[in-house]
Each structure stands twice: as C-alpha cells, then as structure tokens.
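Participant: Please see the structure below; I have some questions.
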Amino acid sequence: MHNITINRYTVDTPAPARMPLRLLSSSTFKRLLVAGSLLLPLATTSVAAEEREPAEVYRQVCSHCHNLDKAVGPMITMPFPETAWEARGTYIRNTVRQGRAAMPSLREAKVSNAELDELIDALLRGELANAAAGEE
Numbered sequence: 135m136h137n138i139t140i141n142r143y144t145v146d147t148p149a150p151a152r153m154p155l156r157l158l159s160s161s162t163f164k165r166l167l168v169a170g171s172l173l174l175p176l177a178t179t180s181v182a183a184e185e186r187e188p189a190e191v192y193r194q195v196c197s198h199c200h201n202l203d204k205a206v207g208p209m210i211t212m213p214f215p216e217t218a219w220e221a222r223g224t225y226i227r228n229t230v231r232q233g234r235a236a237m238p239s240l241r242e243a244k245v246s247n248a249e250l251d252e253l254i255d256a257l258l259r260g261e262l263a264n265a266a267a268g269e270e
C-alpha cells in the first residue's frame, strides 16, 4: 500500500502492479521481426468494400487523362469490334497494371482486378461514352 496525501487527507492506495520485464532473446526477436515484416503488406493493402461500377471507376481513376476535352491519353469511348476484344483487353490490362509512356501503373489497391475486368468489358463495348462526356 502507498499513502497519498491530497489536500491534508491521506488516502491508502494499492501499489501499482509491476510486470516482470523479460527481454526477448535475439533469435526470438529476429523471428518476430521477420514475421511482422511479412504481415506488413497485408495490413497496408486496401481492399474495396464494394466493387464500383465501370463508369464510376472511369470517373474516379481514368477521366483525369482520358476525357473529351483535354485527352492526355487516347480516348476510351469508342467500341472495338468483337474480334479485337481479347487482344485489346490484354493490352489494356497490361497497360493499366504496368504503365506505359505517360500512363502510370495502377495497383490493385486503386482498381481491383474485378473492377478492371468490368471496366475493360465496358470500354470494349463502347459503354463509357456517357461517362466520358460527364453524363450519368
């Protein structure tokens, strides 16, 4: 017990609990450090709670450069013939993930694989013209 005096009154308080301090061995510390560093990417990965619609992904991610007014990148509103879909889709996916010229690479945290698949499908079908024009 400890005695604490507050404004002329003495109060008995229990002694603070003391935890025994035990240092980790260097090998245990190294193992914990390695395990923690392996888990760090999982803690920093952003996972979308909900998948966004292709037009929303376009407006939030693509429209800054791919738009009708001041296109930095190629316009993405025209439909492609079905025979070109597979090749164009692969090209677009690789460009989005790896980048190209002025196009930065976009990680899965920014655009999930499922969102990218839907975005590419909508793009190849020409379904993003309204989004590119700023319409709903």
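Going letter by letter, the sequence shown gives residues 135 to 270 in our numbering. C-beta: ideal position from N, C-alpha, C; glycine also.
For the alpha helix (DSSP H) containing P213, name the first residue and the last one.
Facilitator: Element bounds for P213: n/a, residue is neither H nor E.
Participant: Quick check: the Cα distance between G223 and E184, rounded to an integer number of angstroms?
Facilitator: 23 Å
Participant: Residue range of the alpha helix (DSSP H) that G223 falls in?
Facilitator: In this chain, the alpha helix (DSSP H) harbouring G223 covers W219 to Q232.
Participant: Have a look at K244, T217, N201 and V191 and flag the residue whose alpha-carbon is nearest the alpha-carbon of R259.
Facilitator: T217
Participant: So, are the CB atoms of R231 and S239 less than 8 Å apart?
Facilitator: For R231 and S239, yes; Cβs fall inside 8 Å.
Participant: May I have the straight-line CA-CA distance separating P188 from A243, to the nearest angstrom?
Facilitator: Put simply, the backbone Cα of P188 is about 16 Å away from that of A243.
Participant: State yes or no: is the C-beta of Y192 within less than 8 Å of the C-beta of A265?
Facilitator: yes
Participant: So, at 7 Å on beta carbons, what are the nonlocal neighbours of F214 in its own chain, with the 5 sequence-adjacent residues on each side left out?
Facilitator: R222 and L258
Participant: Out of S246, G207 and N247, which one is the CA nearest neighbour of R234?
Facilitator: G207
Participant: Could you give the distance in angstroms between the alpha-carbon of E249 and the alpha-carbon of C196?
Facilitator: When rounded, the distance between both Cα atoms is 13 Å.
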